[in-house]
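Participant: Chains as they are written, first to last, in my numbering: chain A, 18 to 766; chain B, 4 to 137.
Take a look at this one; I'll ask things after.
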Amino acid sequence: MAMSHGADRSAARAPLLVWLVPLVPLVLFGMLLRRVSSVTSGEAWEFSTAWAPSLGLTLSFRLDGLAMILALLITGVGVLITSWAISYMAGDPRLPRFQLYLLLFMGSMLGVATADNAILLFVFWELTSISSFLLIGFDHERREAREAALKALLITSGGGLALLAGLVMLGIAGGSLEISQMANAGNHPLYLPILLTVALGCFTKSAQFPFHFWLPAAMEAPTPVSAYLHSATMVKAGVFLLARLQPSIGGTEAWTILIGTTGGITMLVGSWLALRVRDLKQILAYSTISALGMLVLLLGIGTDEAIAAAMVLLIAHALYKASLFLLAGAIDHDAGTRDVSALRGLRRSMPLATIVAAIGAVGLAGFGPVLAFIAKEMMLASALGTAAAGFIIPAVFFASAMLTAVAVLIGWGLFWGRQPEEGRPRKIRESRALIAAPLLLAILSVALALLPAWPARLATAAAAAVTGKWVELELHLWHGVGLPLLLSIGSLLLGIALYATRERWNREAGREGRWSFDRSWAWGIRSLLAGSTRISRMLQSGHLRSYVMIILVTTIGLVAGTLTRSGIAPATDNWGVVRFHEAVIALLIVAASIVAIRSESRLGAVAALGVVGYGVALIYITFSAPDLAMTQFLIETLMVVLFVLVIYHLPRFAKISTTASRSLDAVVSMTVGVMMSLFVLIAASENAQVDAARFFAENSHREAHGRNIVNVILVDFRALDTAGEIVVLSVAAIGVYALLKLRTDPEST
Amino acid sequence: MRSIILETATRFLAPLLVLFSMFLLLRGHHEPGGGFAGGLMAATAFALYMFASDASSPRVMPFDAHALIGSGLLVAVATASAGLFVDLPLFTGLWVPPAPGETPHYGTPLLFDIGVYMVVSGVTILILQTVAEE
Chain A
18 MAMSHGADRS
28 AARAPLLVWL
38 VPLVPLVLFG
48 MLLRRVSSVT
58 SGEAWEFSTA
68 WAPSLGLTLS
78 FRLDGLAMIL
88 ALLITGVGVL
98 ITSWAISYMA
108 GDPRLPRFQL
118 YLLLFMGSML
128 GVATADNAIL
138 LFVFWELTSI
148 SSFLLIGFDH
158 ERREAREAAL
168 KALLITSGGG
178 LALLAGLVML
188 GIAGGSLEIS
198 QMANAGNHPL
208 YLPILLTVAL
218 GCFTKSAQFP
228 FHFWLPAAME
238 APTPVSAYLH
248 SATMVKAGVF
258 LLARLQPSIG
268 GTEAWTILIG
278 TTGGITMLVG
288 SWLALRVRDL
298 KQILAYSTIS
308 ALGMLVLLLG
318 IGTDEAIAAA
328 MVLLIAHALY
338 KASLFLLAGA
348 IDHDAGTRDV
358 SALRGLRRSM
368 PLATIVAAIG
378 AVGLAGFGPV
388 LAFIAKEMML
398 ASALGTAAAG
408 FIIPAVFFAS
418 AMLTAVAVLI
428 GWGLFWGRQP
438 EEGRPRKIRE
448 SRALIAAPLL
458 LAILSVALAL
468 LPAWPARLAT
478 AAAAAVTGKW
488 VELELHLWHG
498 VGLPLLLSIG
508 SLLLGIALYA
518 TRERWNREAG
528 REGRWSFDRS
538 WAWGIRSLLA
548 GSTRISRMLQ
558 SGHLRSYVMI
568 ILVTTIGLVA
578 GTLTRSGIAP
588 ATDNWGVVRF
598 HEAVIALLIV
608 AASIVAIRSE
618 SRLGAVAALG
628 VVGYGVALIY
638 ITFSAPDLAM
648 TQFLIETLMV
658 VLFVLVIYHL
668 PRFAKISTTA
678 SRSLDAVVSM
688 TVGVMMSLFV
698 LIAASENAQV
708 DAARFFAENS
718 HREAHGRNIV
728 NVILVDFRAL
738 DTAGEIVVLS
748 VAAIGVYALL
758 KLRTDPEST
Chain B
4 MRSIILETAT
14 RFLAPLLVLF
24 SMFLLLRGHH
34 EPGGGFAGGL
44 MAATAFALYM
54 FASDASSPRV
64 MPFDAHALIG
74 SGLLVAVATA
84 SAGLFVDLPL
94 FTGLWVPPAP
104 GETPHYGTPL
114 LFDIGVYMVV
124 SGVTILILQT
134 VAEE
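What follows is the structure, encoded as structure tokens:
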């Protein structure tokens, strides 16, 4: 982790320009704040301009309550992250590039939040995947970073493909590509495919089970990236889209089952796996997965209270998780390690961090004077009223307990207790610059809980955007003694118990099990590459003979298949009488072909092939096509010349192929010949006078002032085709030149 | 192997063949011929010249076939885009207005054909050159 030592490595300070970068999200944040009051009273800010009307693509943006929450998170947390990154990466010459990627991501994410056109949203969606790829693989010299970035990109982009299909179908089913104008598609015949594909896109982006395993791997990214993308913003995109599309595809039983179940499973899996790893960032990653599962579960439940709970949880989770990630970065930077089994008793050397960790842990456990507690109470309350409460409540209970155990580890285990016996080699000194931002976020999550009117207004507007109904939310820290509070206390106690007894049941924490998603993924990629290499080696063997064979066999197959299926047969009644000169030409061609096949010398074979070409030219003449014949004569002559030049250097004919392969050649050649003859006969039995021929014959002199119809077609009517042809010829010539020169020039590379 | 007969005959035939190729090019609009046939004819003349002289020395082939191809493409594309200057779409044929009662003789399709001629002859000559130079 070369970057984490940058702050104390050199006295080089970051150039002043890098401080301009946090100004960008700051300004945007200010602009958004100005609109908050109008958005929270129900108006939405809209902007739309046509982009590609024939594709249904308009640049339309809409800032309503839901978009406002996400946009405020993106810009607000963005200010903190970009300035924190300057301190974190001080002295690192790659800082400007890092900021570029961060800004790129910020722009794309804002686009996702505010886009109203479904296709526009997809474009921004994929842009976030790409900028995430660049950011995860920022340490591109390390193989793990590269692999993690590729894994994230493949999974999220694969889901993105499905999402595109789903959005297009939704545009058809909902009647419009503008999300704000889509009708409910619940009863449309395409509903199930839409639901599955859109869900696939959202699940991959928001790391739901079984696509969750890219997120822990993405912790290879620098800590600012993990705090920004993979906790507060990018992974929320899937949840955001599910909420955004709830009016169009939500509310059905399929929705509830699919979304709710996936969310619930993810919630449990994430919280369980958080206990099994030792790297602090990985722990936070898995707890993020669990929180995302909670959000998805709430959206799956879909009632008004559940949606409201989801909105509050969205804000709360972003705040405490970003704070904890930044804290992890500070600990890594100051203490030199992220391994929780090696960290203990940090409270003396890092007092401010202790406070931050305590508040963050309270948020993680969801019990205490933080916004996350309010969210959890709302979640439990909304789950109690549903039909599946019997499943949901225990799931939430156990997940909360496991997350509480993690929270106790982070908030208490790292900082209290005695320092480990072996003396620390380096003195831990808390870096003020690195602790300011997480402290601010932690204070904010407490402040918002104590003054809940402000997040309440935001959540009201957001929930209204999702459910379509305006329900004034009132958030209180204290809801009175009820079932949710008892459940919270219960899970808190269970979590503390789990932590206290962790020695007994969590002995193998940190060790990789026999089977893991990551290993299956790596195996899958390897097999894919190996399989495609095998196929490429078969098809692209380098032998001209196999290329020609493949092309011919495929062509015969397709032509034969089409002919038999369409049942066209050549007419046999208009054959006419074979005239003498035609018979002579035909015999000439046949004789020359036989000579070409059986000749012992290459020169003889080439000459015989030339005779075949001249015979074809003679046929053209008998059919009154002088231009064709002329070109054919010239080409044939030049071909013979070229062949002679080439074979001058080749050895004498030697019989290299086996009889079997020659028989195969014979069979394929004869089949091609028969096929082409049939084809020509069928073409000849169609009506000779085609519309195009008549048009050209009539207009060639009148419009294009030429009597040679063929030439007029070439340079006037179809000049575009001719232009394409001469470009292709030029490229081919350059290719020939390059290939020959590469081979014969030993000095060049 | 040098053949005196071929060399002497080529000294007369090659320029004639090149002239003939241009003749083929120019007559193409009303009679059989055109840019493709003309270009191939010019390449054949070059092939004959190549056989008659010492094919391996590069001094024998003075001109740059690459430049011929490039300028041919330029001519073709430029004449095709001539229509853009008078607000007409690409590939519109523009003709010099003829004397009254006659059909137009000179126009952009002819120039386009010249471009095709240059490209085809250049391509074939390049391939012949490169193969022969080994």
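For glycine and all other residues, C-beta sits at the position ideal for the given N, C-alpha and C.
1) When the Cα atoms are used, what is the spatial distance from A:Thr518 to A:Gly512?
2) Please list, in chain order, the residues of the stretch 637 to 658 of chain A that have any C-beta partner in chain B closer than 7 Å.
3) Residues in its own chain within less than 6 Å of A:Tyr208 by CB, not counting five upstream and five downstream?
4) For B:Gly41, which residues of its own chain have a beta-carbon under 6 Å away from its beta-carbon, when the five flanking residues on both sides are left out?
5) Is A:Gly752 helix, strand or coil by DSSP?
6) Take B:Leu129 and list the residues in its own chain whose beta-carbon comes closer than 6 Å to its own, dropping the five residues that flank it on each side.
7) Can you have a look at A:Asp590 and say buried or exposed, based on whether 16 or more other CB atoms are within 10 angstroms of its CB?
8) For A:Gln811 and A:Phe226, what's the separation of their Cα atoms in angstroms?
9) I need the DSSP call for B:Leu96, collapsed to helix, strand or coil.
10) Can you tell me which of the three DSSP states A:Leu80 falls into?
11) Going along chain B, which residues have a C-beta under 7 Å from A:Val753?
12) Quick one: is A:Pro455 buried, meaning 16 or more other Cβ sit within 10 Å of its Cβ, or exposed?
13) Provide the residue(s) that pair with A:Asn523 in DSSP beta bridges, ordered along the chain.
14) Mind checking whether A:Asp81 and A:Val44 have CB atoms under 9 Å apart?
15) Quick check on A:Ile614: buried or exposed, where buried means 16 or more other Cβ atoms within 10 Å of its Cβ?
16) For A:Trp36, does the count of other Cβ atoms within 10 angstroms reach 16, so buried, or fall short, so exposed?
17) What's the gap between the Cα of A:Arg543 and the Cα of A:Ala577?
18) Span of the alpha helix (DSSP H) holding A:Thr131?
19) Are the CB atoms of A:Ile318 and A:Ile409 nearer to each other than 9 Å?
20) Please state whether DSSP places A:Trp8 in a helix, a strand or coil.
21) Is B:Arg62 helix, strand or coil when you go by DSSP?
22) Could you have a look at A:Ala69 and say whether DSSP puts it in helix, strand or coil?
23) Please determine, among A:Phe257, A:Thr240, A:Ala378, the residue with the shortest C-alpha to C-alpha distance to A:Phe483.
24) Just checking: is the beta-carbon of B:Met3 within a distance shorter than 9 Å of some beta-carbon in chain A?
25) Could you name the residues that DSSP lists as bridge partners for A:Thr75?
26) By the criterion of Cβ-Cβ separation under 8 Å, what are the contact partners of A:Ala721 in chain B?
27) Inspect the beta-carbon positions of A:Ile306 and A:Ala224 and report whether they are closer than 9 Å.
28) Over the uninterrupted alpha helix (DSSP H) stretch that includes A:Gly430, give me the two end residues.
29) Measuring only between beta-carbons, confirm whether A:Ile633 sits less than 9 Å from chain B.
30) Is the shortest distance between the beta-carbon of B:Leu9 and the beta-carbons of chain A less than 9 Å?
31) Which of helix, strand or coil does DSSP assign to A:Asn728?
32) Whose Cβ in chain B lies nearer than 7 Å to the Cβ of A:Leu731?
33) Is there contact here, the stretch 415 to 423 of chain A with the stretch 495 to 512 of chain A, by at least three beta-carbon pairs under 8 Å?
34) Counting only Cβ-Cβ distances shorter than 9 Å, please list the residues of the stretch 606 to 624 of chain A near chain B, keeping chain order.
35) With a cut-off of 9 Å, does the C-beta of A:His334 fall near any C-beta of chain B?
36) What are the residues of the stretch 731 to 749 of chain A that lie near chain B, defined by any Cβ-Cβ distance shorter than 8 Å?
Facilitator: With the given structure in hand:
1) Sequence index remark: in the first sequence, residue 518 of chain A carries index 501 (1-based). Sequence index remark: in the first sequence, residue 512 of chain A carries index 495 (1-based). Near 10 Å, if we compare the C-alpha coordinates of A:Gly512 and A:Thr518.
2) Pro643, Asp644, Met647, Thr648, Leu651, Ile652, Thr654, Leu655, Val658
3) Taking the first sequence and counting its residues from 1, one reaches residue 208 of chain A at position 191. Same-chain partners within the cutoff: Ala202.
4) Locating residue 41 of chain B in the second sequence gives position 38, where the first residue counts as 1. The residues are Ser24, Leu27, Leu28, Tyr120.
5) Position 735 of the first sequence, counted from the start, is the residue given in the question as residue 752 of chain A. A:Gly752 falls in the helix class under three-state DSSP.
6) Taking the first residue of the second sequence as 1, we reach residue 129 of chain B at position 126. Within the same chain, B:Leu129 has close Cβ partners Ala68.
7) Numbered from its first residue, the first sequence carries residue 590 of chain A at position 573. Counting Cβ neighbours within 10 Å, A:Asp590 comes out exposed, since fewer than 16 surround it.
8) The structure shown does not extend to residue 811 of chain A, since chain A is modelled only from 18 to 766, so the question has no answer here.
9) Counting from one through the second sequence, the residue named residue 96 of chain B turns up at place 93. Checking the sequence shown, residue 96 of chain B turns out to be Gly, not Leu. Three-state DSSP puts B:Gly96 in coil, outside helix and strand.
10) Translated into positions along the first sequence, residue 80 of chain A becomes position 63. A:Leu80 falls in the strand class under three-state DSSP.
11) Here the question's residue 753 of chain A lines up with position 736 in the first sequence. Going along chain B in sequence order, the residues near A:Val753 (Cβ under 7 Å) are Ile130, Thr133.
12) In the first sequence, the residue the question calls residue 455 of chain A occupies position 438. Burial call: buried.
13) Looking up residue 523 of chain A in the first sequence gives position 506. A:Asn523 pairs with nothing; no bridge assigned.
14) Here residue 81 of chain A is taken as the residue at index 64 of the first sequence, counted from 1. Here residue 44 of chain A is taken as the residue at index 27 of the first sequence, counted from 1. Going by C-beta atoms, A:Asp81 is not nearer than 9 Å to A:Val44.
15) Here residue 614 of chain A corresponds to residue number 597 of the first sequence, with the count starting at 1. By the 10 Å Cβ count, A:Ile614 comes out exposed.
16) Here the question's residue 36 of chain A lines up with position 19 in the first sequence. By the neighbour-count rule (16 or more Cβ atoms within 10 Å), A:Trp36 is not buried but exposed.
17) Here the question's residue 543 of chain A lines up with position 526 in the first sequence. Here the question's residue 577 of chain A lines up with position 560 in the first sequence. Going by the C-alpha atoms only, they are around 38 Å apart.
18) Position 114 of the first sequence, counted from the start, is the residue given in the question as residue 131 of chain A. Unbroken alpha helix (DSSP H) run through A:Thr131: 112 to 131.
19) Against the first sequence, residue 318 of chain A aligns to sequence position 301. Against the first sequence, residue 409 of chain A aligns to sequence position 392. For A:Ile318 and A:Ile409, yes; Cβs fall inside 9 Å.
20) This structure cannot speak to residue 8 of chain A, because chain A is shown only from 18 to 766.
21) The residue given as residue 62 of chain B occupies position 59 in the second sequence. Legend: pLDDT at B:Arg62 = 49, less than 50; position of this residue unreliable, no value from coordinates given.
22) Within the first sequence, residue 69 of chain A is the residue found at index 52, counting from 1. A:Ala69: strand per DSSP, three-state reduction.
23) Here residue 483 of chain A is taken as the residue at index 466 of the first sequence, counted from 1. Per the sequence shown, the amino acid found at residue 483 of chain A is Val instead of Phe. The residue with the shortest Cα to Cα distance from A:Val483 is A:Phe257.
24) Chain B is shown from 4 up to 137; residue 3 of chain B falls before or after that span and cannot be answered.
25) Locating residue 75 of chain A in the first sequence gives position 58, counting from the first residue. Looking at the DSSP assignment, A:Thr75 forms a beta bridge with A:Ala67.
26) Taking the first residue of the first sequence as position 1, residue 721 of chain A is located at position 704. Under the 8 Å cutoff, chain B gives Gly96, Pro112.
27) Locating residue 306 of chain A in the first sequence gives position 289, where the first residue counts as 1. Locating residue 224 of chain A in the first sequence gives position 207, where the first residue counts as 1. Yes, the Cβ-Cβ distance between A:Ile306 and A:Ala224 is below 9 Å.
28) Residue numbering aside, residue 430 of chain A sits at position 413 when the first sequence is read from its first letter. Careful: A:Gly430 lies outside any alpha helix (DSSP H) and carries neither H nor E.
29) Counting from 1 along the first sequence, the entry for residue 633 of chain A is found at position 616. The sequence shown places Val at residue 633 of chain A, rather than the Ile named in the question. Not an interface residue.
30) Working through the second sequence from its first residue, we reach residue 9 of chain B at position 6. So, not an interface residue.
31) Residue numbering aside, residue 728 of chain A sits at position 711 when the first sequence is read from its first letter. Of the three classes helix, strand and coil, the one that applies to A:Asn728 here is helix, per DSSP.
32) Translated into positions along the first sequence, residue 731 of chain A becomes position 714. Gly37, listed in chain order.
33) yes
34) none
35) Sequence index remark: in the first sequence, residue 334 of chain A carries index 317 (1-based). It does not: the Cβ of A:His334 has no partner Cβ on chain B nearer than 9 Å.
36) Leu731, Val732, Asp733, Ala736, Leu737, Thr739, Ala740, Ile743, Val744, Leu746, Ser747, Ala749
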